[in-house]
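Student: Encoded as structure tokens, here's the structure I'll be asking about.
There are 2 protein chains.
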Amino acid sequence: MPQKVRIALDAMGGDVGASVVVPGAAISLTRHPGIEFLLFGDHALIDPQLEKHPALKAVSRVVHTDVAVSMHDKPSQALRRGRKTSSMWLAIDAVKKGEADVAVSAGNTGALMAMARFNLRMLRGIDRPAIAAVWPTIRGDSVVLDLGATIGGDAHHLMALAVMGSAMASVLFDLERPTVGLLNIGVEEVKGGEEIRAAAELLRAMNLPQLEYIGFVEGDGIGKGAADVIVTEGFSGNIALKAAEGTARQISEYLRSAIARTWRSRIGYLFARGAFKALRDKMDPSKSNGGVLLGLNGIVVKSHGGTDAEGFAYAVDVGYEMVHYDLLTKINQMLDGGGSALAQAPNAQEAVS
Amino acid sequence: MPQKVRIALDAMGGDVGASVVVPGAAISLTRHPGIEFLLFGDHALIDPQLEKHPALKAVSRVVHTDVAVSMHDKPSQALRRGRKTSSMWLAIDAVKKGEADVAVSAGNTGALMAMARFNLRMLRGIDRPAIAAVWPTIRGDSVVLDLGATIGGDAHHLMALAVMGSAMASVLFDLERPTVGLLNIGVEEVKGGEEIRAAAELLRAMNLPQLEYIGFVEGDGIGKGAADVIVTEGFSGNIALKAAEGTARQISEYLRSAIARTWRSRIGYLFARGAFKALRDKMDPSKSNGGVLLGLNGIVVKSHGGTDAEGFAYAVDVGYEMVHYDLLTKINQMLDGGGSALAQAPNAQEAVS
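Structure representation (structure tokens):
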């Protein structure tokens, strides 16, 4: 484990770029004083922001580029235009060259995956990348993956997700043998498509020492904390995540308007302010910001494109923790342990073409 | 439109059966005095319940059977064991024979679909059934389908869902040309699998007079009310629904514990009780109970298996409304209008085998 955690930032990524990335990094630095930053992007945009955060400036080095991947570029366009020159590429490349331990970007997801895959290459036995994130549940936190990197995938792909997700859960939550559930539309054995049923059989038959397969979990099981790791292909994982986020926002909205309706409820709000603050903190989607790209020879963290500095700071925190707890080594150990089950190539389709 | 709405009930369906179904019907009857009920199931279980609800008893006829489909039967088992004899089959058969206008069951979803399909047959041009439900959003209600009847499906299947969902939205919400969105993992044209992109092209190219296609909608767009009709294949639809329900339950839980934490917040709660009641009403999942099986020559409504009488009453309400507003005629009109796009057979896989 390195003394200092060195984080490469795509300072041009996201809807706003440097004016969110730089203050976000500053917030994360207050929580993890052991970080050193490498910022890739336009000096003219980064420097004025850094001036406002002297502590950050003291541990940062800026590498200038004025090439940025647009949020609307197709992955193929991004690779063509931004390879070797864009802030996103350079941040990933710093990981490749060993100049940074992790790259964090709020840029275009498809482009980030394509560049990461092209430059870092996949781990042995893994064919397609996945995005994993921590999902707050009633019972604590769970790791959910894939949140949108790869659409579809056969039993071996789901198996690889189970192994990588378990590695992440075991380092993050300090678990010997995390429980793993497969997301499905019912808990009975006959439910779901062929791939899921085959993955269930495989997980049960292999009975890996690194994870405990507990069966199918339905969509409402995620929030119940039914398993430490919830595995699904990227389409349904993304839909689940966003449906949950949308519902949380919808309920905040209802709560706000219910409270504002009468003077009695407004008085009640004043008394219960602490409770509402606790609730808001629990529901704050920016706190679950930071998806980890798994399956690569290197760690890359994807932040929401539309997040604010507070949210970006959480993505930087995630990057810090992945390095601090040495996720990559753990995944490699697990893959070696998982062995031949992952040798066969999965049959999946990338999320974007 | 019939004077009286005649509803066939599978009185043995669901986790509890008659002790939820009968009081549920009684609640719905108070809201829709024009209902007549046909109850299928065990006299010994139904009659004592009916005695408690004289108004319901006065408009009900009980048809005895002691054969019930179990919640754990595979569809094929249910068909083999329960065909022509089970309460579920008989309720559907009443629709087939014209003795009832709609059948409502809280029984095993796979069995209900298999029996409905076997007995009622699919509408011309529709190959696989779908389950649609009303989803409360910030902007009002939307129709979301498929919630788990059919896994996967090509562009023509998604197109059929769009047409049927629009028919349902137009009768329920009194809209001339409901807006339709395809659920996807991004709004850009390049996102999602081939089928979805092909469906988008088809919907745009056909520019049907009965619906306005507005593009891709992400998971968090459902709760925002991004479109009157949200279309997706059954796996992701089911996951979205349950992830949203799970999140709502999780937030209720947080709110409850936040309120209970301090005396100040408990006092606040007393003042704001009305607001909390309004919120609970909004979030009450039983109010969205009642999935409509679409694509069949007849109307069948599926209630949650684990619902209470209040929840079952909402499913009966849904059945009432579908008949009252003549959904089936509207769907048939739309399918005739939709024409040749639906003539090709979709390429889908049933949710359960």
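Residue numbers (my numbering), protein chains in the order written: chain A, 132 to 484; chain B, 132 to 484. From the three backbone atoms N, C-alpha and C, an ideal C-beta is built for every residue, glycine too.
Which residues share a DSSP beta bridge with P267(B)?
Tutor: Answer is D272(B).
Student: Using only CA atoms, which one of S273(B), R248(B), G279(B) lies nearest to G306(B)?
Tutor: It is Leu, not Gly, that sits at residue 306(B) in the sequence shown. The shortest C-alpha separation from L306(B) is found at S273(B).
Student: Beta strand (DSSP E) containing E167(B): first to last residue?
Tutor: Residues 166–172.
Student: Determine, using beta carbons only, whether G421(A) comes closer than 7 Å to chain B.
Tutor: Judged by the 7 Å Cβ criterion, G421(A) is not in contact with chain B.
Student: Is Q464(A) buried or exposed, if buried means 16 or more other CB atoms sit within 10 Å of its CB?
Tutor: Classification of Q464(A): exposed, given that the 10 Å Cβ count is below 16.
Student: Do you know offhand how far S484(A)'s Cα is from G421(B)'s?
Tutor: The predicted model places S484(A) with a pLDDT of 38, which falls under 50 and marks its position as unreliable; any figure quoted below should be read in that light. Computed Cα separation, rounded: 38 Å.
Student: Quick check on the burial criterion: 16 or more other C-beta atoms within 10 angstroms. Buried or exposed for N369(B)?
Tutor: Per the 10 Å Cβ criterion, buried.
Student: Can you list the residues of chain A that D258(B) reaches, using a CB-CB cut of under 7 Å?
Tutor: Under the 7 Å cutoff, chain A gives no residues; its nearest Cβ is about 17 Å from D258(B).
Student: Between the Cα of V311(A) and the Cα atoms of L292(A), I345(A), S217(A), which residue gives the shortest distance?
Tutor: Here the closest residue by C-alpha is I345(A).
Student: Should W266(A) go down as buried or exposed, given a rule of 16 or more other Cβ atoms within 10 Å for buried?
Tutor: With 16 or more Cβ atoms within 10 Å of its Cβ, W266(A) is classed as buried.
Student: Indicate the three-state DSSP secondary structure (helix, strand or coil) for D178(B) in the structure shown.
Tutor: Helix.
Student: Counting Cβ pairs closer than 8 Å, one from the segment 327–335 of chain B and one from the segment 350–360 of chain A, do we hit at least three?
Tutor: Output reads no: the segment 350–360 of chain A does not touch the segment 327–335 of chain B.
Student: Using only CA atoms, which one of T268(B), K205(B), A280(B) lies nearest to R259(B)?
Tutor: It is A280(B) whose Cα lies nearest to the Cα of R259(B).
Student: If I measure Cβ to Cβ from R437(A) and keep anything under 7 Å in the same chain, skipping five residues before and after, which residues do I get?
Tutor: The sequence given here places Gly at residue 437(A); Arg does not occur at that position. Only D146 meet the Cβ criterion.
Student: With a CB to CB cut of under 8 Å and the five nearest residues on each side skipped, what residues in its chain are close to L254(A)?
Tutor: So the qualifying residues of the chain are G426, L427, N428, I462, N463, L466.
Student: Could you tell me whether the segment 139–155 of chain A touches the segment 226–244 of chain A, where touching means 3 or more Cβ pairs closer than 8 Å?
Tutor: Yes, the segment 139–155 of chain A is in contact with the segment 226–244 of chain A.
Student: According to DSSP, which residues form a beta bridge with F347(B)?
Tutor: DSSP, once it has assigned bridges, lists L313(B) as partnering F347(B).
Student: Where does T507(A) land, buried or exposed, given buried means 16+ other C-beta within 10 angstroms?
Tutor: Residue coverage of chain A in this structure runs from 132 to 484, which leaves residue 507(A) outside it and unanswerable.
Student: Residues in the same chain with beta-carbon distance under 6 Å from E73(A), minus the five sequence neighbours each way, listed in chain order, please.
Tutor: This structure gives no information on residue 73(A), because the portion of chain A shown stretches from 132 to 484.
Student: Quick check on I257(A): does DSSP put it in helix, strand or coil?
Tutor: I257(A) falls in the coil class under three-state DSSP.
Student: Is there a Cβ of chain B sitting closer than 7 Å to that of V348(A), yes or no?
Tutor: No - not a single Cβ of chain B is within 7 Å of the one on V348(A).
Student: Would you kindly check if the distance between the Cβ of A175(A) and the Cβ of P206(A) is under 7 Å?
Tutor: Not in contact: P206(A) and A175(A) (Cβ atoms no closer than 7 Å).
Student: Counting only beta-carbon separations shorter than 7 Å, does V318(B) have a partner in chain A?
Tutor: Answer no: the Cβ-Cβ gap between V318(B) and chain A never drops below 7 Å.
Student: What number of angstroms, rounded off, separates the C-alpha of P164(A) from the C-alpha of V431(A)?
Tutor: Their Cα atoms are separated by approximately 20 Å.
Student: Compile a chain-ordered list of the residues in the segment 329–354 of chain B whose CB is closer than 9 Å to at least one CB of chain A.
Tutor: Hits within the stretch, in order: E349, G350, D351, G352, I353, G354.
Student: Enumerate in chain order the residues of its own chain whose CB-to-CB distance from S191(A) is below 7 Å, with the five nearest sequence positions on each side excluded.
Tutor: Same-chain partners within the cutoff: F168, L170, L181.
Student: On the criterion of 16 or more Cβ atoms from any shown chain inside 10 Å, does G271(A) qualify as buried, or is it exposed?
Tutor: Answer is exposed; the Cβ neighbour count stays below 16.
Student: Do A379(A) and T268(B) come within 7 Å of each other at the CB atom, strictly closer than that value?
Tutor: The answer is no: Cβ separation not under 7 Å.
Student: Which residue comes first and which comes last in the beta strand (DSSP E) that contains G399(A)?
Tutor: That residue, G399(A), is in no beta strand (DSSP E); its alpha helix (DSSP H) goes 394–402.
Student: May I ask which residues mark the beginning and end of the beta strand (DSSP E) holding S191(B)?
Tutor: Taken as a continuous stretch (DSSP letters only), the beta strand (DSSP E) holding S191(B) covers 191–195.
Student: For P133(A), does the three-state DSSP call read helix, strand or coil?
Tutor: Reliability fails at P133(A), whose pLDDT of 49 lies under 50, so the model's placement of it is uncertain and no value is given.
Student: Can you check DSSP and say which residues form a bridge with V362(B)?
Tutor: Note: V362(B) sits in a beta bridge opposite L276(B), L313(B).
Student: Determine the extent of the alpha helix (DSSP H) in which G422(A) is found, giving its start and end residues.
Tutor: Not the alpha helix (DSSP H): G422(A) falls in the beta strand (DSSP E), residues 422–425.
Student: Please go through the same chain and pick out, in chain order, the residues whose beta-carbon is closer than 8 Å to the beta-carbon of Y400(B), but skip the five residues on each side of it.
Tutor: Cβ within range, chain order: I390, F407.
Student: For D249(B) and chain A, any beta-carbon pair shorter than 7 Å?
Tutor: Looking at the sequence shown, residue 249(B) is not Asp but Phe. Answer no: the Cβ-Cβ gap between F249(B) and chain A never drops below 7 Å.
Student: Checking 7 Å against the spacing of the C-beta atoms, do A234(B) and A222(B) come in under that value?
Tutor: Yes, they are a contact pair.
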